[in-house]
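**Q**
Protein chains: 2
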Amino acid sequence: MAYFDAASSAPLHSVARQALLASLDEGWADPARLYREGRRARLLLDAAREAAAEAVGCRADELTFTSSGTRAVHSGIAGALAGRRRVGRHLIVSAVEHSSVLHSSETHEADGGTVTQVPVDRGGAVAAASYGAALREDTALACLQSANHEVGTEQPVAEVAEVCRAAGVPLLVDAAQSLGWGPVEGDWSLLTASAHKWGGPSGVGLLVVRKGVRFAPQGPADERESGRAAGFQNIPAIVAAAASLRAVRAEAAAEAVRLRELTERIRARVPRLVPDVEVVGDPVRRLPGLVTFSCLYVDGETLLHELDREGFSVSSGSSCTSSTLTPSHVLRAMGVLSEGNVRVSLPPGTPEEDVERFLAVLPDVVAGVREKLGAPAGEQPAAVREDALVVDALGKRCPIPVIELAKVFGDVPVGSAVRVLADDEAARLDIPAWCEMRGQEYVGEEPADEGSAYVVRRVS
Amino acid sequence: MAYFDAASSAPLHSVARQALLASLDEGWADPARLYREGRRARLLLDAAREAAAEAVGCRADELTFTSSGTRAVHSGIAGALAGRRRVGRHLIVSAVEHSSVLHSSETHEADGGTVTQVPVDRGGAVAAASYGAALREDTALACLQSANHEVGTEQPVAEVAEVCRAAGVPLLVDAAQSLGWGPVEGDWSLLTASAHKWGGPSGVGLLVVRKGVRFAPQGPADERESGRAAGFQNIPAIVAAAASLRAVRAEAAAEAVRLRELTERIRARVPRLVPDVEVVGDPVRRLPGLVTFSCLYVDGETLLHELDREGFSVSSGSSCTSSTLTPSHVLRAMGVLSEGNVRVSLPPGTPEEDVERFLAVLPDVVAGVREKLGAPAGEQPAAVREDALVVDALGKRCPIPVIELAKVFGDVPVGSAVRVLADDEAARLDIPAWCEMRGQEYVGEEPADEGSAYVVRRVS
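Protein chains in written order, with full-length UniProt numbering: chain A, 1 to 460; chain B, 1 to 460.
#1: Would a check of beta-carbon distances place B/ALA234 closer than 7 angstroms to chain A?
#2: By Cβ distance, which residues of its chain are closer than 8 angstroms to B/LEU262, with the 5 residues on each side in sequence left out?
#3: Beta-carbon of A/SER202 versus every beta-carbon of chain B: anything under 7 angstroms?
#4: Which term fits A/ARG89, buried or exposed, when burial requires 16 or more other beta carbons within 10 angstroms of its beta carbon?
#5: Would you mind working out which of B/VAL208, B/GLY415, B/ALA241 and B/GLU137 sits nearest B/VAL15, comparing C-alpha positions?
#6: Which term fits A/GLU137, buried or exposed, when burial requires 16 or more other beta carbons within 10 angstroms of its beta carbon?
#7: Which value, in whole angstroms, describes the spacing of the CA atoms of A/ALA383 and A/PRO275?
#8: Please report whether the beta-carbon of A/ASP111 lies at a distance below 7 angstroms from any beta-carbon of chain B.
#9: Under 8 angstroms between beta-carbons, which chain E residues line up against A/ALA221? List them in chain order, please.
#10: Go ahead and pull the three-state DSSP assignment for B/GLU301.
#11: Based on the DSSP secondary-structure assignment, which residues constitute the bridge partners of B/ALA422?
#12: Leaving out the 5 sequence neighbours to the left and right, which residues in its chain are closer than 7 angstroms to A/ARG49 when beta-carbon positions are compared?
#13: Would A/TRP28 count as contacting chain B if we go by Cβ distances under 7 angstroms?
#14: Does the beta-carbon distance from B/ALA55 to B/ARG249 come in below 7 angstroms?
#15: Quick test of your reading: A/HIS329 and A/GLY200, contact by CB under 8 angstroms. State the CB separation rounded to the nearest angstrom.
#16: Do B/GLY311 and B/ALA2 count as a contact pair if the criterion is CB distance below 7 angstroms?
#17: Which residues in chain B have a C-beta closer than 9 angstroms to the C-beta of A/ASP5? List them in chain order.
#18: Would you say B/GLY152 faces chain A, with C-beta separation under 7 angstroms as the test?
#19: Along the chain, which unbroken stretches of the beta strand (DSSP E) at least 3 residues long are found entirely within the segment 110 to 158 of chain B?
#20: What does A/LEU24 touch in chain B if you count any residue whose Cβ is under 7 angstroms from its own?
#21: Hey, would you say A/GLY57 sits closer than 7 angstroms to A/ALA41, going by beta carbons?
#22: CA-CA distance, B/ALA453 and B/ARG397?
#23: For a contact defined as C-beta to C-beta under 8 angstroms, what are the partners of A/LEU304 on chain B?
#24: Find the residues of chain B that neighbour A/MET1, judging by a C-beta separation of less than 9 angstroms, and give them in chain order.
#25: Among the residues of its own chain, which have a CB less than 8 angstroms from the CB of B/SER9, if the five just before and after it don't count?
#26: Quick one: grab the DSSP three-state call for B/ASP5.
#27: Would you kindly check if the distance between the Cβ of A/PRO156 and the Cβ of A/ALA128 is under 7 angstroms?
#28: Could you list which residues in chain A have their beta carbon closer than 9 angstroms to that of B/SER68, in chain order?
#29: I want to see whether chain B comes within less than 7 angstroms of A/ASP308, judged by CB atoms only; does it?
#30: Write down the C-beta distance between B/LEU172 and B/THR192 rounded to the nearest angstrom, noting that I regard them as a contact closer than 8 angstroms.
#31: Would the segment 295 to 310 of chain B and the segment 243 to 259 of chain B be scored as touching if the rule is three or more Cβ pairs under 8 angstroms?
#32: On the DSSP letters alone, give me the boundaries of the beta strand (DSSP E) that B/GLU185 sits inside.
#33: Does DSSP put A/THR107 in a helix, a strand or coil?
#34: Quick check on this structure: which residue in A/ARG428, A/VAL361, A/ALA175 and A/GLY340 has the alpha carbon closest to the alpha carbon of A/GLU7?
#35: Within 10 angstroms of its Cβ, does B/GLY69 collect 16 or more other Cβ (buried), or is it exposed?
#36: Tell me which residue opens and which closes the alpha helix (DSSP H) that A/ASP430 is part of.
This is the structure we're talking about:
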């Protein structure tokens, strides 16, 4: 079995496990109490705060423990916006933030605030200049992830922080994906993270608010954690989180090199082993252990299921997975193919053999899924239909609309166009992406009686 | 060492520890994922939800896991108020609720809502009729604890639920102190609880919302836990919480009898062993393991410190403890003495010897504290002062104002009055309480140049 979904949650690090066990007997009492058990709990909590602050690169009194990374983001954004309410109610986020940031921004909009989403390039990165352009007189807060959770692209946090600092606007950095690898560079104002992403336990997030940043905690008052995280602290988990952060940091430099080489193999070899694949995300400025690619003519859910049968646990930003019917907002913002999307995120310690076995198994798995769906093999359309100029894929889910387009495309004279009728949201992303991969012209989208018509012209 | 503060946090139950360890290896993955590790995590989560729901007496889909009891209360009240916003914005709480409920009510008031606090009797209990009287056309929600956390008094939840149900108003029950002892009786609508109070791990609360109760989760959207508790679930802790709830329930009937007998000893013997003590809280309708008493002429913090030195960990609702300068809102609402307050809350399994040793040690400890403060011994004033008719205790902290009053009182002719000048908030509670204990007349409070003047007339 190979677990390749560390970006969702990493297996518990052995140091986290040991620290958790060791502190179960010492850390259950109320650290606000003055008796012996309370003092012991307080000592553990204080030591964990010092250790976590050192790893983040902040003062201990700037760091509070929350119950999750999501909660850190929700509280951090709400508190920073409220703290600068006099300045204004404008919030800047990138288009590829984690859902916890985007959901916070939706709540802010619903509450009468305004939000600017900064776009990303095809590699998934923002430009510092785009943040500069988004800044306004009434901007209360800007948010940017340190690295993207779906494609691994690292963001220019230090540059964006500089731009924001010059305008007097605090920058909140969601460091959930990167904090295990190293501190976040640059002059940021707030930072959030999540312990179970670096091999710590579930139930612990970090919220750092730099001294001098205006911050007004929202929700009912609570005296714990400087009033920034309500509820009784989970001290054994906090101790385990801090201890494992130090442990993964000690291994980070060497492990980053090793995992980067393994993901580089996947980046380089998947497009050679599997036809019609697009590897997405920045090839250089990226997280060490994360690589994402999309496979034309493949249904993401079926692909995940088949990989699971082969012993590989990966995730997907495709629209056709589990509960969601729309493609990942990250892939959409990047304008890349979403169908047959696979995210491989290797936990530290992943053996080379597991990656080699993945590369050995993948081509047949993808071919199998494509065969089931009746997809064209390689460049050659598999079937010919009479009504070549209109492809009716209404009511068909991703990746069928693209498969139907590919099936007829070989019969279209060069210079002629095909109209694909589709009502699946993913087609809007995947048909242009197919054109880009095939070097054909995507003419555009037109309204239709049902769904939309996507027009593609054959140019070669 | 004897830990007598289970009402703050109970030591981890052995079953919780075992369940936590057993699920660390299976419960770290994302339960929303479809691969093997995700499915295993989902199975653990589903089983824990079933077990917890059975113990509560609700459907599994009515129960969500939150990150703490405080968070369950905050989210439960906010969601229930928002769900019934069309009905109105009136909230009813008892005057002796946990701070998480009262802080939620303060937030609601600050946001333009209205709140009625239902008073309690001298035993700490509300009357169902008082809830009935508080209900209005625009009442959105009523809240009542199942039992009080400071004095152990059980509330008439079933009766209050009936009154609320008749008016079509949902009742939220904070069952933090009682859920380990048994399900909450009556036709309540929402229920909250906290695992570390019953011997489960920190980091797990329960929020139950009955089917049919209007509920609109507040804050940024999050798909986990039916949208009612944002953030990645802490599954090992959740499993441990559910397993330990079943375990403590299996032991509850026998252990309740045993602890009730032990606390009965304290209730009966402390007033005989220690002069000038008031045992507070309902003598019959009370939690099995909790007993609270207040000692005249004693500084709560010093008393806790001395008991800690003797190996007893207890807490206090006195004003003179740690961070707070006002007496417990519970003791204030009950109108009982707050100075020298001690809450003994026995964890299940407390050996009889520990309680006997506590009773053996307590008289000397209290006498020692009184001696240090120069308090009167027993009924006999220890010192006589010239200016008997005005006691200037300005700038003196609890319990000094009462001690100064007692010192001069023996020299006051029957029928005459003493004016105590004090600016400590606790005097407002403790001087009337002293009068009640001594059978003297509390005339009332008068404004003074500094602080207040509390007038006491000697009647015997």
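Beta carbons: idealized from backbone N, C-alpha and C, even for Gly.
What you are looking at is a predicted structure, and each value in this text was computed from that prediction instead of being measured.
**A** In this structure, then:
#1: Here residue 234 of chain B is Asn; the residue named in the question, Ala, does not match the sequence. Output row for B/ASN234: interface = yes.
#2: In the same chain as B/LEU262, and ignoring 5 residues on each side of it, the C-beta atoms closer than 8 angstroms to its own belong to GLY289, LEU346, THR350, GLU352 and VAL355, in chain order.
#3: yes
#4: A/ARG89 should be labelled buried.
#5: Considering only alpha carbons, the answer is B/ALA241.
#6: exposed
#7: Reliability of the predicted coordinates at A/ALA383 is poor, the pLDDT of 40 falling under 50, and the value obtained from them is presented with this limitation in mind. Cα to Cα, the separation comes out at about 18 angstroms.
#8: no
#9: The structure shown contains no chain E; its protein chains are A and B.
#10: Looking at B/GLU301 - three-state DSSP - the assignment turns out to be helix.
#11: B/ALA393 and B/SER452
#12: ALA60 and LEU63
#13: yes
#14: yes
#15: The pair is not a contact, with the Cβ atoms about 27 angstroms apart (cut-off 8 angstroms).
#16: yes
#17: ALA29, ASP30, ARG33, TYR35, GLU37 and GLY38
#18: So, not an interface residue.
#19: The beta strand (DSSP E) runs of length 3 or more contained entirely in the segment 110 to 158 of chain B are, from start to end of the chain, 114 to 118 and 139 to 145.
#20: What A/LEU24 touches in chain B: LEU12 and ARG17.
#21: Annotated as distal: A/GLY57 and A/ALA41, with beta-carbon spacing of 7 angstroms or more.
#22: 15 angstroms
#23: LEU34 and TYR35
#24: ARG36 and GLU37
#25: HIS196, LYS197 and SER202
#26: strand
#27: yes
#28: What B/SER68 touches in chain A: SER67, ALA230, GLY231, PHE232, GLN233 and ASN234.
#29: yes
#30: 7 angstroms
#31: no
#32: Element bounds for B/GLU185: n/a, residue is neither H nor E.
#33: helix
#34: A small correction: the amino acid at residue 7 of chain A is Ala; Glu does not occupy that position in the sequence shown. With distances taken between CA atoms, A/ALA7 lies nearest to A/ALA175 out of A/ARG428, A/VAL361, A/ALA175 and A/GLY340.
#35: buried
#36: 427 to 438
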